[in-house]
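Below is one structure, written out as structure tokens; comments come after it.
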Amino acid sequence: MPTYTTELPVRDELDAAHGEAMAEWSRAGTWWTGTQRLAIVAEVRRARDADLLAPWESPSTVDGLIFDGYPLPDAVVDVVWRLTNHPGTLTSEWHDSILGRGVEALAYVEVVSIVAQVNCVDRFADALELDRVSMPEAEPGEPEGQAPADAEVRLHWVPTADIGGPNVWRALSGVPSELKARSRLSTPHYLEGRAVFGDVVSDRFSLQRVQMELIAARTSKLNECFY
Amino acid sequence: MLLGLSGLHQDGEVTFEAIAGSGNGDGGVRHGGLLVRLAEAMWEGEPGPLAAVRDELLAAAGADVLVDAVAVSANFHMMTRVADGTGTPLDPGTDAASVNFRDEIKVNNLVSRRHVPAS
Chain F
1 MPTYTTELPV
11 RDELDAAHGE
21 AMAEWSRAGT
31 WWTGTQRLAI
41 VAEVRRARDA
51 DLLAPWESPS
61 TVDGLIFDGY
71 PLPDAVVDVV
81 WRLTNHPGTL
91 TSEWHDSILG
101 RGVEALAYVE
111 VVSIVAQVNC
121 VDRFADALEL
131 DRVSMPEAEP
141 GEPEGQAPAD
151 AEVRLHWVPT
161 ADIGGPNVWR
171 ALSGVPSELK
181 ARSRLSTPHY
191 LEGRAVFGDV
201 VSDRFSLQRV
211 QMELIAARTS
221 KLNECFY
Chain Z
1 MLLGLSGLHQ
11 DGEVTFEAIA
21 GSGNGDGGVR
31 HGGLLVRLAE
41 AMWEGEPGPL
51 AAVRDELLAA
61 AGADVLVDAV
71 AVSANFHMMT
81 RVADGTGTPL
91 DPGTDAASVN
101 FRDEIKVNNL
111 VSRRHVPAS
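Residue numbers (this note's numbering), protein chains in the order written: chain F, 1 to 227; chain Z, 1 to 119.
Next up, the structure:
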């Protein structure tokens, strides 16, 4: 059963990757339950569809945005909105302030991963006027809370494992399941992570590599991303 | 930087002006102007401009290119959030290789600017 109903030529691997991503978000992760992970997905959608808050405005301080018994800590809601709508404004001081509000360093990494992936999947659907992937019921289960033995803060704000490769490849390595999930999503959209710098000339899908890099560069600039 | 490297391997000259925004030509890339407009319309999220550029790209390049271009842009809405959410610094090789054009594409003043600290 395809994830999307459309006459557009959405490649099978891309369609399947989006369905699999949603299924993955509904299961317990390393640091968050399936219910919490789906709440992060829903929060990304709420942040994108809401009237834009300025970067310095935290949704947790706006009356009526977070109800009692909400499955996510206030600080996580603030991360989701800021990272969704103002990713280029983040600073190490802001990151420190989030950890200071009680979010574990690697639990924060899992939030970043889910927010980033949902932005990918939903923006794809929105741009082609497809229905966003529907959210299933959360699967039962508890997060394992296990970190790689060698995870520590090195070059990034967040702890990473010593796995080599480009810095952006290492960024989620403190939560290996998220590194894999992000990579599974990137491959049918663009390239498998380690291949990005390995082959800069081969065409892929219907695009020339130089066309892909122009889109990548313009999108990154719009998001004010120096990397 | 990957734009520059991939551009070395095609016939025409690839330039960086298009990264600064639509209205700066196609950067020497086939359908480059439309691809840049598509990325901008996706970022802005306004239905009208998005539908317009979608139709233009569909007519000029076909449905496969439209879907794949949207997929690439969506991927970089993900990767930028991974990089900026985790405080990822430029890789040393990229850092040195991009010095000459970072100013040209106006990214040196971004809040998200981060380098690997000198050891």
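Where a beta carbon is used, it is the ideal one built from N, C-alpha and C, also for glycine.
- Per DSSP, Q146/F lies in no alpha helix (DSSP H) segment and is marked neither H nor E.
- Taking all protein chains in view, the Cβ of S202/F is surrounded by fewer than 16 other Cβ atoms within 10 Å, so the residue is classified as exposed.
- If you draw a straight line from the Cα of R46/F to the Cα of V79/F, it comes to about 13 Å.
- In this structure the stretch 5-15 of chain F does not touch the stretch 109-119 of chain F; the number of beta carbon pairs closer than 8 Å is below three.
- Burial of W169/F is indicated by the presence of at least 16 other C-beta atoms within 10 angstroms of its C-beta.
- Within the stretch 215-226 of chain F, those residues whose Cβ lies closer than 9 Å to any Cβ of chain Z are, in chain order, I215, A216, A217, R218, T219, S220, K221, L222, N223, E224, C225, F226.
- A straight-line Cα-Cα distance of about 46 Å links L34/Z and G69/F.
- A71/Z is positioned such that its CB atom lies no closer than 8 Å to that of L57/Z.
- Any Cβ of chain Z closer than 8 Å to the Cβ of Q117/F would place that residue at the interface, and such an atom is present.
- Annotated as distal: R218/F and A74/Z, with beta-carbon spacing of 8 Å or more.
- Counting C-beta pairs with one atom in each stretch, the stretch 138-147 of chain F and the stretch 26-34 of chain F have three or more that are closer than 8 Å, which means they touch.
- Just so you know, the alpha carbons of R184/F and E192/F end up roughly 8 Å apart.
- For R30/Z, the three-state secondary structure derived from DSSP is coil.
- Taking 8 Å as the cut-off, the beta carbon of G21/Z is found no closer than this to the beta carbon of L214/F.
- One Cα belongs to R54/Z, the other to I19/Z, and the distance between them is close to 19 Å.
- For the stretch 149-172 of chain F, the beta-carbon criterion of a distance under 7 Å to any beta-carbon of chain Z is satisfied by L155, H156, W157, V158, P166, N167, V168, A171, L172.
- For C120/F, the enclosing alpha helix (DSSP H) covers residues 105-127.
- From the beta-carbon of M212/F, the residues of chain Z found nearer than 7 Å are V72.
- L90/Z and V10/F have their C-alpha atoms spaced approximately 33 Å apart.
- Residue contact check for G85/Z against chain F: a CB pair falls below 8 Å.
- Taken atom to atom, the span from the alpha-carbon of V121/F to that of V36/Z is near 20 Å.
- For V70/Z, the uninterrupted alpha helix (DSSP H) run begins and ends at 63-86, by DSSP.
- Judged by beta-carbon spacing, E129/F lies beyond the 8 Å limit of V175/F, meaning their Cβ atoms are not closer than that value.
- R48: these are the residues of the stretch 26-57 of chain F whose beta carbon lies less than 9 Å from some beta carbon of chain Z, given in chain order.
- Here L52/F carries a coil assignment [DSSP, helix/strand/coil].
- Going by C-alpha positions, L99/F is about 43 Å away from A52/Z.
- Here N109/Z is exposed. Its C-beta has fewer than 16 other C-beta atoms within 10 Å.
- With respect to V77/F, E104/F sits apart: the two C-beta atoms are not nearer than 8 Å.
- If the five residues before and after L53/F are omitted, its C-beta is found closer than 6 Å to no C-beta atom of its own chain.
- Looking at the backbone, the Cα of P166/F and that of S26/F are separated by about 29 Å.
- CA-to-CA, the gap between V158/F and V65/Z works out to about 36 Å.
- As the crow flies, the alpha-carbon of G29/F is around 8 Å from that of R37/F.
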